[in-house]
Amino acid sequence: MTDLSSALHLSAPELTLAVGGLALLMVGAFSGEKSTRLVSGLSVLLLLAATALAVVGPLGSAFNGAYVADPLAVYGKAVIFLSAAVAVVLGDSWMHRNNIAKFEYPILIVLASVGMGMMASSGDLISLYIGIEMHSLALYVLAAYRRDDLKASEAGLKYFVLGALSSGLLLYGASLIYGFAGSMRFEDIAAFASANPGPGLIFGLVFLICGLAFKVSAAPFHMWTPDVYEGAPTPVVALFSTAPKVAAMVLIIRVLVEGFGLAHAQWAQVLILISLISFAVGAFG
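The opening position of the sequence shown corresponds to residue -7 in our numbering, with each subsequent residue numbered one higher.
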């Protein structure tokens, strides 16, 4: 019971958002569109509460190392949750001005924040993938929020299809890493990589990096970004360009430094290549 209570205490920010998001969904379902302002306000309070819980909460690991609360996770979650709160505030006024306000908008941001918080606290490959998929599913819906608009529908569909492709690359890389290392935990993978830095493990890491590069719109995995940013509502684009990028960067740091820190000579070349291509595309594309 002590281990369970400490685990729940560590994961309090995500639990607060998950339970609060479901409660707000019930409020919106029973009250209808007239509750949009109320749900938006409560969503902002939820995100601020989650930020406070992350900052003042204890540090440590839970769920057999799958969940990690450390200074990197705390900093990442503070930026993620505050960015999400700003997106809710911006979206509430923008949606009402354009007569498309719905109570689902802030709830989707809250639920996406749960996944992004898990990404920042991932300690193994399973929690990594669960966090990515939890936030991605909500973002797919937000991209196609204006479902009567052709560009918005196209944005949501492209984001979904290419997101599924990146998830496939990520899963393939994770399966290779697990097959060679025999463990999902970053600590165990780091121990194995230091003793056996074979090509199979690096091959799996390359696929994992490709999947994560999609989430930060790094070239050449950025093809979804222009269409999605053009078709999605303005406040949703503000969210897309901040919180998910921070979550993905924290996750990349965890994978590369904690899982493959001693194999930096191998993955650094891949990272440099992706960076140079991104610079070139951003400057001349």
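From the three backbone atoms N, C-alpha and C, an ideal C-beta is built for every residue, glycine too.
Would you mind reading off the limits of the beta strand (DSSP E) that contains Ser114?
Premise fails: Ser114 is in no beta strand (DSSP E) and is neither H nor E.
Whole angstroms are fine: how far does the CA of Gly52 sit from the CA of Met(-7)?
Only weak support is given to the placement of Met(-7): the predicted model assigns it a pLDDT of 42, under 50, and the question is left unresolved by the model.
Identity of the residue in Asp141, Gly196 and Asn188 nearest Leu163 by Cα
The option with the nearest alpha carbon to Leu163 is Gly196.
If you follow the alpha helix (DSSP H) that Tyr221 is in, where does it begin and where does it stop?
Looking at the DSSP string, the run of the alpha helix (DSSP H) that includes Tyr221 is Thr217 to Gly223.
Quick one: give me the first and last residue of the beta strand (DSSP E) that Ala93 is part of.
Here Ala93 belongs to no beta strand (DSSP E), and DSSP marks it neither H nor E.
As a quick exercise: from Ile72, Ile92 and Tyr59, pick the residue whose alpha carbon is nearest that of Leu103.
Relative to Leu103, the option among Ile72, Ile92 and Tyr59 whose CA is nearest is Ile72.
Which same chain residues, not among the five before or five after Leu131, have their C-beta less than 6 Å away from its C-beta?
Spatial neighbours of Leu131 in its own chain (CB-CB distance under 6 Å, excluding positions within 5 residues in sequence) are listed in chain order as Ala104.
Stretch-stretch touch, CB-based, cutoff 8 Å, three pairs: the stretch 170 to 183 with the stretch 247 to 257
The stretch 170 to 183, when compared against the stretch 247 to 257, does touch it at the 8 Å Cβ threshold.
Residue ranges of each alpha helix (DSSP H) within the stretch 175 to 231, 4 or longer:
You should have 178 to 187, 191 to 207 and 217 to 223.
For Ser3, which residues in the same chain have their Cβ closer than 7 Å to its Cβ, ignoring the five residues on either side in sequence?
The answer, listed in chain order, is Ala54 and Tyr59.
Determine the DSSP secondary structure at Ser53, reduced to helix, strand or coil.
It is a strand residue.
Among residues of its own chain, excluding the 5 on either side of Gly190, which ones have a beta-carbon nearer than 7 Å to its beta-carbon?
Non-local C-beta neighbours of Gly190 in its own chain, meaning closer than 7 Å and more than five positions away in sequence, comprise Phe172, ordered along the chain.
Backbone secondary structure at Tyr132 - three-state DSSP:
It is helical.
List the whole-angstrom C-beta distance separating Ser35 from Leu16, where the pair is believed to meet the contact cut-off of C-beta under 8 Å.
That pair is a contact at about 6 Å.
C-beta contact flag for Ala76 and Leu134 at 7 Å
The answer is no: Cβ separation not under 7 Å.
How do the stretch 13 to 28 and the stretch 44 to 51 stand: do at least 3 beta-carbon pairs fall below 8 Å, yes or no?
These segments do not touch.
Burial state of Asp140 (16 or more Cβ within 10 Å)
Asp140 should be labelled exposed.
Below 6 Å CB to CB, which residues in the same chain sit around Gly83 once its five sequence neighbours on both sides are set aside?
Excluding residues within five positions, the ones whose Cβ falls inside 6 Å are Tyr97 and Pro227.
Could you please give the first and the last residue of the uninterrupted beta strand (DSSP E) stretch that includes Ala61?
Counting along the chain, the beta strand (DSSP E) containing Ala61 begins and ends at Tyr59 to Ala61.
So, is Val238 buried or exposed, given that buried needs 16 or more other C-beta atoms within 10 angstroms?
Per the 10 Å Cβ criterion, buried.
Where does Ser233 sit, in a helix, a strand or coil, going by DSSP?
The three-state secondary structure of Ser233, taken from DSSP, is coil.
With H, G and I counted as helix, E and B as strand and the rest as coil, what does DSSP make of Tyr170?
The answer is helix: DSSP assigns Tyr170 an H, G or I state.
Contact criterion: CB-CB distance below 7 Å. Does Asp219 meet it with respect to chain B?
Protein chain content of the structure displayed is limited to a single chain, and chain B is not contained in it.
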